[in-house]
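Notes follow the structure.
Protein chains in written order, with our numbering: chain A, -6 to 413; chain B, -6 to 413.
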C-alpha cells in the first residue's frame, strides 16, 4: 500500500538538505536504494546489486479462487535473485505491496534509473543475502501496474476467454489467499516445498502471514513489515476511500471502459489519496518548503477552480503513475485487502494457532495506514498461543513508507532474524 | 471539521458497554451532552441547559471579501445565550467547526432530540457560564448545512442578485478572515467592541486565532481547540481529498447543478471521508463489533459491487447528513481552510507578534486531522514572541472529535482559563 514513483521536475534550491534529496531520490526510483549497508553496521561484505534481472512468466489453468470461482487462465510474472540449491531449502519468497510488483531487487538493464523496491536489503551480502538465498517474487493477480511492460498479471483488464472481451467486473473477486495460492503453484512447479522465509511489506505482509497460517509446513520464518493480522473495521473503511473516486468517475461505467475513455481522473484521485495515506506530515511539509508552498496562495484565493501548489504537485505525480495502471485492478486490490484475515477463516486468534514459523513483526512508528496496534495485537495473539514472535517498531518519519523506502535503516533487524 | 449527526438504527446487543452507548448518543445528537460537569469536579453550581434558543439573522450589504471581491448581500444566522451586560464587556464568541453551525448550545424546542454541539460546556454554571457571559455564535459564510432550516448563510447556493440564479462557482472565494469580518460587523451592530474570549474547535479554532491576530485590541482571551496556526502542506493536501469526490460526480457539472440533480454521491463520499478523518480506529472498531463486521464477509467476497458492512454503515450515516448540505458549499469551506494562516499575511510567526490575548491551545492526543504538532509549533512561536500561552494535550481516543463530542471531559481546562 504505497507509492511507486515520484518524479521531481522543479528546480531544487541550494539550501535543500542532502538527506531529503536522498529520500526523494529513493521514492522517485521506485524505492531503489544503493546505500551501503555497512553504514548501518550490518555487513562489511561484498555490497552490490543482484545481476541483471529477467521477468519470467508462469501460467496455471483453471485456477480456483478462494471464493469458489474459476479463472480459466492465470498468468503472472515473477523474478528471482540468487541460486536455488540442490536441496531446494534456501528459498525466500518476497511478497509485494499494493502498488508494487515482483521487481523487488536489481535492474533489468544497466541503464534503468531505478532498481527494485527493496534493493537496499536484497542482494549479495545484503540483509537478504543472494549469495546464500534463492529469492523469488511474484506479480499479484489484478496487479495495479498492468500496463507496465515489466508486469504480467491476470485481472479485470485481461481478456475473458468466454467473451473475447476484457472481464471488467465479471472478473471474480480475488483475495490475499489467491495471491498465495498462485505463488504456491509456481513454487511447486519449481520443485520447491519449503520456504526458508516469506517476507513482505504492507499488502505483502498480509500474504506473508497468510502463508504462515495456510501452509504452516512450508514456512520456517515469516517477516511482516508495516502489516496487520486482519483488516479491522477502520482499515476496511479507509481502503474504501481509495475505491470511491474511481467509481465516481463518469468514465468508469461500472468497469466497462476498455473500449472507451478510461477513468483516469478517478484513478489519479485515488493515487493522490493513497500517496498521502502512506506518508506522514514531515515529508509533505518538506516538499512544501521545496516548492515554496504557502497557505495563502494567490491562485487559490482568486479562483475556486485553481488548486494549492501542493495539490498540483501531488496530482502531477499521480498522473505519471496512473499511466501504467488500471482502475478496475485498483478496486480488486482494495477488495482483496478488505477481505484479509490471516488464515481466511474468520477468527484470527484461532488461525494463528496453526503457525509454525518463527515470526518477526515490524510496524512503523509513524504509520498512519496500518498503525502499530495492528501488529501489536497480532503478536499478542501469537505469544498467547505460545508462538515464537519478535516485534520491533521501526522508528522514522516516513509513515507507512518507512517499511519500503526507509527499509535500509532497518536491514539489521531482518538480517539477524534470518540467522535465527 | 467533523461530523454532525450519526443516527443508529441497528439493534444494539446487550453486551454493549454503556460508555460506548453514551459516545454514540453524543455523536448522534449533534454533540449535545447533558452530562453534569460536576462529575468532572468542575462546578457544583446550577447545571442546566440554556433557555430555549432562537436563531436570529444578520444582514450586511456590499461585503468586501479578503480576496477583494464584493458580495452584494450577506445574511447569516446567529444565536446567543446569556445576557449582555451594561458595559458590554462580558461577550464570548464561539466559532464553529467545518460541518457545524451557530447552534452551540441549548435547544430550539424542548422536544429537540439534541442540544447544540458544545452544550456540555456552555450554559448556566457550566465552563462557559451563561450566568456570567453573553455567549454568541454565528453561522459561517458558505455554511455546509444550507438546507438545514436552522442555518442561515450566504454562499454558492444563494441567489446571485446579478443573475437571479444561484451563484455556483461565481461566488467569490471566501476565507476564515471573511467569517471573522462578518462576525465583527454583527458584534459592532450590537455595540460590542471587545471580546472577553473567542473560543472554537477545529475550523472554529482558525477563526479564533485569526481574530486574535487581526483584531488584537478586541480579543482578551483566545481558546483554540483541535486547531492549527496555519494550513501546512500536509493539511492543504488532506483537505483536497474532501473536495475531490464532489468534483468527480457527473452531476456536479462545474457547480451548475441547482436546476438539475445535485451531486449527492460525491457529497456522500466526501462526508464518509471527513467522518473517518475526524475519528480514530477505536471508534470504528467498536462500531464494527456492534454491527458484527468481519473482514471476510460473504457479500463482499461474492460480488465486487457489494461493500463491507462497515462501509455500508458509514455510507448510510453520510446519506442522512447530506440531506441538509450543499456540495459547492463544502468546496468553499475546504478552500477557506486551505487558505488559512492566522493573520492572513503569509508569515505566521510575524503575525503572532500582534496577539495581545492570553491564549489556551488544546490539541487532542489522538487527532489524525490536525495533529498536536500544529498547535505545539504555534505555541512555540507565541512563547518565542513573549506571549502568554498555555497548551494542554487532550487525552482520549476520539481523535479530532475529542474536541467536540469529548469536550465535557476537558471542561475544567477551559473554565480555569476563563477565570485568568
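A virtual CB, placed ideally from N, CA and C, is assigned to each residue, including glycine.
It should be emphasised that the depicted structure is a prediction, and the values quoted were computed from it without experimental measurement.
- A direct Cα-Cα distance of roughly 7 Å separates residue 266 of chain B from residue 234 of chain A.
- Looking from the CA of residue 246 of chain B, the closest CA among A:142, A:298 and A:401 belongs to A:298.
- Taking C-beta atoms as the reference points, residue 114 of chain A and residue 335 of chain A fail to come closer than 7 Å.
- Using a Cβ-Cβ cut-off of 8 Å, residue 258 of chain B is close to 241 of chain A, given in chain order.
- Considering only A:340, A:108 and A:59, the residue with the shortest C-alpha distance to residue 397 of chain A is A:108.
- Shown here for residue 260 of chain A: same chain residues with a beta carbon closer than 7 Å to its own, the five before and five after excluded, namely 239, 315, 318, 320 and 323 in chain order.
- Spanning the alpha carbons of residue 363 of chain A and residue 344 of chain B requires a straight line of approximately 38 Å.
- From the listed residues A:144, A:121 and A:258, the smallest Cα separation to residue 400 of chain A is found for A:121.
- Straight-line spacing of the CA atoms in residue 100 of chain A and residue 48 of chain A works out to 10 Å.
- With fewer than 16 other Cβ atoms from the protein chains shown falling within 10 Å of its own Cβ, residue 412 of chain B counts as exposed.
- Residues 244 and 246 of the same chain have their beta carbon placed closer than 8 Å to that of residue 253 of chain A, with the five preceding and five following residues left out of the count.
- Under the DSSP assignment, residue 49 of chain A falls in the beta strand (DSSP E) whose first and last residues are 49 to 57.
- Assigned with DSSP and collapsed to three states, residue 170 of chain A falls in helix.
- Residue pairing by DSSP places residue 214 of chain A opposite A:351 in a beta bridge.
- Between the segment 216 to 225 of chain A and the segment 128 to 148 of chain A there are fewer than three inter-stretch CB-CB distances shorter than 8 Å, so the stretches are not counted as touching.
- By DSSP's assignment, residue 357 of chain B forms a beta bridge with B:387.
- Fewer than three pairs of CB atoms, one per stretch, sit closer than 8 Å, so the segment 205 to 219 of chain B makes no contact with the segment 291 to 307 of chain A.
- When 7 Å is used as the limit between beta carbons, residue 339 of chain A is near these residues of chain B: 287 and 289, in chain order.
- In this structure, residue 74 of chain A and residue 147 of chain A do not form a Cβ contact; the two beta carbons are roughly 24 Å apart against a cut-off of 8 Å.
- The three-state secondary structure of residue 144 of chain B, taken from DSSP, is coil.
- Excluding residues up to 5 positions away in sequence, 88, 89 and 90 lie with their Cβ nearer than 6 Å to the Cβ of residue 197 of chain A in the same chain.
- Rounded to whole angstroms, the separation of the alpha carbons of residue 341 of chain B and residue 92 of chain A is 38 Å.
- Using a Cβ-Cβ cut-off of 7 Å, residue 401 of chain A does not count as an interface residue toward chain B, since no Cβ of chain B sits closer than that to its own.
- Just so you know, the alpha carbons of residue 262 of chain A and residue 237 of chain B end up roughly 7 Å apart.
- Excluding its 5 nearest sequence neighbours in each direction, residue 359 of chain B has C-beta neighbours in its own chain below 6 Å: 273, 390 and 392, listed in chain order.
- Looking from the CA of residue 65 of chain A, the closest CA among A:151, A:72 and A:256 belongs to A:151.
- If you check each beta-carbon in the segment 293 to 327 of chain B against every beta-carbon of chain A, the ones closer than 8 Å belong to 293, 294, 295, 296, 297, 298, 300, 301, 303, 304, 307, 324 and 325.
- Along the segment 361 to 380 of chain B, the positions whose C-beta sits under 8 Å from a C-beta of chain A are 361, 364 and 366, read in chain order.
- For residue 110 of chain A, there is no enclosing beta strand (DSSP E), as DSSP marks it with neither H nor E.
- Residues of chain B with a Cβ closer than 7 Å to the Cβ of residue 395 of chain A do not exist; the shortest Cβ-Cβ separation is about 16 Å.
- Across the set A:325, A:331 and A:202, the C-alpha of A:202 shows the shortest separation from the C-alpha of residue 355 of chain A.
- Residue burial is scored here from C-beta neighbours: residue 285 of chain A has fewer than 16 other C-beta atoms within 10 angstroms and is therefore classed as exposed.
- DSSP places residue 396 of chain B within a helical segment (H, G or I) once states are collapsed to three.
- Counting only runs of 4+ residues, the alpha helix (DSSP H) found wholly inside the segment 286 to 323 of chain A occupies 291 to 295 and 302 to 315, in chain order.
- Not flagged as an interface residue toward chain B: residue 91 of chain A, since no C-beta distance is shorter than 7 Å.
- Annotation: residue 256 of chain B is outside any alpha helix (DSSP H) and is labelled neither H nor E by DSSP.
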